[in-house]
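Enquirer:
There are 2 protein chains.
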Amino acid sequence: MNNILRIDMKNLSGIWEGVPEAYQLLGGRALTSRLVSEEVKPSCDALGPENKLVIAPGLLGGTTVTCSGRLSIGAKSPLTGGIKESNAGGTTAIQLAQSGIRALVLEGQAANNELYLLVIDGNEVTFKSAEDYKGMGNYPLAARLRQEYGEKAALITIGSAGELGLPTACIANVDMEGRPSRVNGRGGLGAVMGSKGVKAIIVKNADKQTLKGVDEEKFKESSKKIATAIMENPITKVYSDYGTSSLVDVANNLGCLPTKNFSAGNFDQAEKINGEALKSLILERGGKGKTSHACMPGCIIKCSNIVPDQKGEEIVAPLEYETIGLMGSNCGIGSIDKIAELNYIANDIGIDTIEAGAAIGVAMEAGVISWGDADAVIKTLKGINDGNVLGRLLAFGAVMTGKVLGVSRVPAVKGQSIPAYDPRSLKGLGVTYSISPMGADHTAGTTLRAPVDHSKPEGQVVASKNAQINVTVFDMLGLCMFTMATLINHKELIGDTVSSFTGKNVTFEDLQGISRQTLLREIDFNVNAGIIQNDLPGFFRTESLSPKSTVFDVPQEAMEEIYLELKEGN
Amino acid sequence: MNNILRIDMKNLSGIWEGVPEAYQLLGGRALTSRLVSEEVKPSCDALGPENKLVIAPGLLGGTTVTCSGRLSIGAKSPLTGGIKESNAGGTTAIQLAQSGIRALVLEGQAANNELYLLVIDGNEVTFKSAEDYKGMGNYPLAARLRQEYGEKAALITIGSAGELGLPTACIANVDMEGRPSRVNGRGGLGAVMGSKGVKAIIVKNADKQTLKGVDEEKFKESSKKIATAIMENPITKVYSDYGTSSLVDVANNLGCLPTKNFSAGNFDQAEKINGEALKSLILERGGKGKTSHACMPGCIIKCSNIVPDQKGEEIVAPLEYETIGLMGSNCGIGSIDKIAELNYIANDIGIDTIEAGAAIGVAMEAGVISWGDADAVIKTLKGINDGNVLGRLLAFGAVMTGKVLGVSRVPAVKGQSIPAYDPRSLKGLGVTYSISPMGADHTAGTTLRAPVDHSKPEGQVVASKNAQINVTVFDMLGLCMFTMATLINHKELIGDTVSSFTGKNVTFEDLQGISRQTLLREIDFNVNAGIIQNDLPGFFRTESLSPKSTVFDVPQEAMEEIYLELKEGN
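Respectively, the protein sequence lines represent chains S and X.
With our numbering applied, the first sequence closes on residue 570, and no number is skipped along the way.
With our numbering applied, the second sequence closes on residue 1140, and no number is skipped along the way.
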């Protein structure tokens, strides 16, 4: 009941291996990055047989701890060329953990470009031809698989983009109602899954039991304390009421809301797409709309939502801040309906909304689509399946789009586009974008709640370093980032929780040590893969950002000291 | 009168340096590759300030030796990522040589993306703003520069593609009537010139004198013998009568005429675009048309032509076999008029017709343009300047086009597309495509006239190796490839010619030694740049080619033995 399941796609076989002692405390990102760094050659072709796709619940996945069902997926990224971990909610991690799977490793490549469904039912692994599902979008695919394998089955799927090997392809997981909308979005991991010849992984639910701690009572108690602490934090209510869309106003006021390809930090149509607007729209339209919704069993924050159309039918669920920022303001699009529709299309084809939104912004700067022309974007994205040339180009991401269209202002680091916080007015996150082995990624260590003046360079390096180390702890435990605002102040409780679950004596500082080692391994992988960009694109340092007239001015040398400090264990 | 002229584009200065003793016997490709391999970091950004563009006449350039005016240009290629030399006719090499310039080296990068004209007048080097010429095509640019600098000035120019940094951008040289149509086509060297901030190099003609040999009389005598030998060879008359277009029938009969993205080896409309058809069209239309025409002073082969339209006005000059094969049969286009128009457009924008033709074939296979739809191609290529997305993509070459459009059958090696000879039915050239440090390139060592059965694997490795070594000798001397069919049987005469010109005692075998060293340096550069593909794309080994039912079946290990043999001096 504590295994690594290795799937050999060349020979269509599965092998269950016990988790080695050295991996016993690893979960989520710590485990995916450990396996990738130990088993994948940094110089290999990300879409070739030598790459491996590692899928791992967090260490606390499948337990009673609230919000512990995040799923990490790692591999060498076809987008960045470096190591990648991308993290999602949904029901998958819990079911994998409760099936005794600490990591699922897809290896090799199916012969003759065949495409398969991988079905895991207890100890049994079967490979079924996915010929009938070829080219299918995530939504119809999930609906059909649920008919065939039951509504309780966890599904990990790719859309057409993953099959096509497009480097913005994501991996979808179903939520509690079966929507394939909990997405490991970043770094093109869907293309890696497609390159293996896997269209969907189905984890059948056979009355699985919640995992118990080795010290059962103490673990229960810790678990309850965690829930109480989270519920008592006022930020939790903001997430429940507005979801991440509350960040539209926060970012717009800070002057870091990406607007028209990161040429401004606030958007004149922000109030049409902010948290209030979204909440009002949902409440007014009613129907299937919901302002609050949980993406995984046991979540008490419920930051998700369901966006209804004018008839009350669901457009998409959830609509998140990142998508609003990148597909909305960054493209000059000030309509929730249009952004929600774009989100649905991207989910269905299976591409990352952040990367796609950034690429569209670049294409708009090139003049091939007009700012704010949502209908042209909808048509273009829908055309990806039909070989629409611009659509295909966008699906290669912002860097490739900029290269081909001759746009030099491309908001990306290590080949991956910058999420919905302009680093000139949120400088600590700019440090993370620059330094993180993940490329530009807000989930790699946001400083939004750090006690610093976000517009000044002072204190940002330390804030970023701490955020990077701490978020990696949460990622390895499978805890949602949104528990961090609360639990970072309950370090002992986290140590107690892990100790009582594993039966080992573990402190939060021990977990931070694993986090540092994880970061160092990832950095090392990238260096060996030749990925050496550790700074923002030049225009962030030279173009002043309205309305706060900020430029990014944290010195590169100061940022790179993070690497030295990690090595020294600081 | 024997110098390397180094141009520092950052500081806008020129420095004349004597040619070091070790370089005294080097010219053309031997000199460009020597300088690039010694002075350019293999891992550098090909379009960054660390790359250098080296322009070198052959060792015999500027002398009375016929057909010795070929110009080599070398750099790290933005298309292949490896070292590149590309070679052209025209008037430039002769003028550079007669100005005492053995190599012109463009270094650094102009500040603030400024664009300059580089004017060389005797010992004087001046930099003039090219602001007024920005975005200009090669034809209007050359016409205007000739007005300003005189009709005798040699011009080396780039079109808009070079300014835009497109990796198919070529460099144009004027012919004797001032057409900018003698092209260093391959490997995107025009983008390197553009990245330096140079729109045009103007070498003013101030009554330059033909270079004399150290042993003047003996050199004159050798020079005459060379001319006589070439004139006496019957192949010379074929080149004069039909130009390279005579190769359409040769290739069609051999079954190696690239047809519809290398899916067949003969073309059902070949007789509409072959040498006879072209000759008839020119003779019937008259006007400015010419069936034979010299690209450089002193050429006695005159393989060039001028293609007139129905009114007798010039469409393009010359129209070469490679362009007919790639932009014609490879795209299913069976019209000389359309191919000539495409050639003119490509020349004007300044992109390589081979790479563009291969990329169009790939786009046609993807279905985004119909086979044979010349008007759609014309529109697309013209749109490169206006940000036409497909046009921009095509201008990144066949590999990028295939990648973005999802076409796996891409005829390219080391990122550079295969010229107009399908390697399945001309296997020796397939060895050259695979092994040459230049990537797929017919000028790197063709075996078309080698005494082997082109459809069989036997003897191809030796034929290719010899061709690669020998053509590098001709490239270093500045001799046109078309003298090789004759002069390869007069090795002693070549030795005598070089000896009497330089005053050193040099044999043909000595020159072959320099050629081997050049190849080894180039191979080494590529390995250090991470360019390691030494084989054809897989489909050439698996898909049988009609009409001869051939596959490429020279074993890779046998091909790679060339590297060992070069190292051993064989």
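C-beta atoms are modelled at their ideal positions from N, C-alpha and C, and glycine is treated no differently.
Taking 6 Å as the limit between beta carbons, can you name the residues of its chain near X/E1092, skipping five residues before and five after?
Expert: S603, I653, P1007.
Enquirer: Where does X/T634 sit, in a helix, a strand or coil, going by DSSP?
Expert: Looking at X/T634 - three-state DSSP - the assignment turns out to be coil, as it is neither helix nor strand.
Enquirer: Between X/A982 and X/S613, which are expected to be in contact by the criterion C-beta below 8 Å, what is the C-beta distance as a whole number of angstroms?
Expert: So it is not a contact: roughly 22 Å between Cβ atoms.
Enquirer: Assign S/K465 to one of two classes, buried (16 or more other C-beta atoms within 10 Å of its C-beta) or exposed (fewer than that).
Expert: Answer is buried; the Cβ neighbour count reaches 16.
Enquirer: Does X/V938 have its Cβ less than 8 Å from a Cβ in chain S?
Expert: Closer than 8 Å to some Cβ of chain S, the Cβ of X/V938 qualifies, so yes.
Enquirer: Would you call the segment 98-106 of chain S and the segment 172-183 of chain S touching, i.e. three or more CB-CB distances under 8 Å?
Expert: Verdict: no, contact absent.
Enquirer: Does the distance from the CB of X/D1094 to the CB of X/S699 come in under 8 Å?
Expert: No, the pair does not count as a contact, with Cβ atoms beyond the cut-off.
Enquirer: Once DSSP output is grouped into helix, strand and coil, what is the label at S/N388?
Expert: If DSSP states are grouped into helix, strand and coil, S/N388 belongs with coil.
Enquirer: Could you tell me whether any Cβ in chain S is nearer than 8 Å to the Cβ of X/R979?
Expert: Judged by the 8 Å Cβ criterion, X/R979 is not in contact with chain S.
Enquirer: Who does S/R182 pair with in a DSSP beta bridge?
Expert: S/N173.
Enquirer: Going by other Cβ atoms of all chains shown within 10 Å of its Cβ, with 16 needed for buried, is X/N572 buried or exposed?
Expert: Exposed: under 16 other Cβ atoms inside 10 Å.
Enquirer: In chain X, which residues lie with their C-beta within 8 Å of the C-beta of S/L393?
Expert: Those within 8 Å of S/L393 in chain X are V959, L963, V974.
Enquirer: Please list the partners that X/L734 has in chain S, where partner means a Cβ-to-Cβ separation under 8 Å.
Expert: G406, listed in chain order.
Enquirer: Which residue comes first and which comes last in the beta strand (DSSP E) that contains X/I1101?
Expert: Note, X/I1101: premise wrong, no beta strand (DSSP E); not H, not E.
Enquirer: So which residues on chain S does X/F966 lean against when the C-beta distance must stay under 9 Å?
Expert: Within chain S, the residues near X/F966 are K403, V404.
Enquirer: Would you mind stating whether X/V762 and X/L617 have Cβ atoms separated by less than 8 Å?
Expert: Yes. Within cutoff.
Enquirer: Between S/A270, S/Y116, S/K491, which lies nearest to S/S245 when the distance is taken from Cα to Cα?
Expert: Residue S/A270 is the option with its Cα nearest to S/S245.
Enquirer: How close, in whole Å, do the beta carbons of X/L715 and X/V768 come, if the pair is a contact with beta carbons under 8 Å?
Expert: Actually they do not touch by this definition, with Cβ atoms about 13 Å apart.
Enquirer: With distances taken Cα to Cα, identify the nearest neighbour of S/T210 among S/N534, S/G69, S/Y149.
Expert: It is S/G69 whose Cα lies nearest to the Cα of S/T210.
Enquirer: In terms of DSSP beta bridges, what is X/W586 paired with?
Expert: In the DSSP output, where bridge partners are listed per residue, X/W586 has X/L575.
Enquirer: What would DSSP say about S/P308, mapped onto helix, strand or coil?
Expert: Three-state DSSP puts S/P308 in a strand.
Enquirer: With C-beta atoms as the reference, is X/S642 less than 8 Å away from X/D1045?
Expert: Yes, the pair counts as a contact, with Cβ atoms nearer than the cut-off.
Enquirer: Residue range of the beta strand (DSSP E) that X/V773 falls in?
Expert: Per DSSP, X/V773 belongs to the beta strand (DSSP E) from 768-773.
Enquirer: Near X/P989, what residues of its chain come up, given a Cβ to Cβ distance below 6 Å and the 5 sequence neighbours on each side ignored?
Expert: Excluding positions up to five away in sequence, the list reads E892, I924, H1012.
Enquirer: In angstroms, rounded to a whole number, what distance separates the CA positions of X/P627 and X/G927?
Expert: Each residue's Cα considered, the two are about 28 Å apart.
Enquirer: Whose CA, out of S/E151, S/D386, S/D241, S/N570, lies closest to the CA of S/A463?
Expert: Taking only the C-alpha atoms, the option nearest S/A463 is S/N570.
Enquirer: Using DSSP bridges, identify the partner residues of S/T550.
Expert: For S/T550, which the question treats as bridged, DSSP gives the partners S/L545.
Enquirer: Compare the beta carbon distance of X/D918 and X/Y709 with 8 Å and say whether it is the shorter of the two.
Expert: Yes, Cβ-Cβ distance for X/D918 and X/Y709 is below 8 Å.
Enquirer: Since S/L104 sits in a beta bridge, which residues does DSSP pair it with?
Expert: Paired residue(s): S/L5, S/I55.
Enquirer: Using a Cβ-based criterion (distance less than 7 Å to any ligand heavy atom), does X/L896 qualify as near the ligand FMN?
Expert: The ligand FMN is not among the ligands present in this structure, which contains no ligands whatsoever.
Enquirer: Measuring only the C-alpha atoms, how far is S/K41 from S/E50?
Expert: Roughly 7 Å between the two C-alpha positions.
Enquirer: Do you know offhand how far S/K379's Cα is from S/G90's?
Expert: One C-alpha to the other measures close to 29 Å.
Enquirer: At the 8 Å Cβ level, is X/V624 part of the contact set with chain A, yes or no?
Expert: Protein chains in the displayed structure are S and X, and chain A is not among them.
Enquirer: In terms of residues, what are the limits of the alpha helix (DSSP H) holding X/S793?
Expert: Start and end: 786-802.
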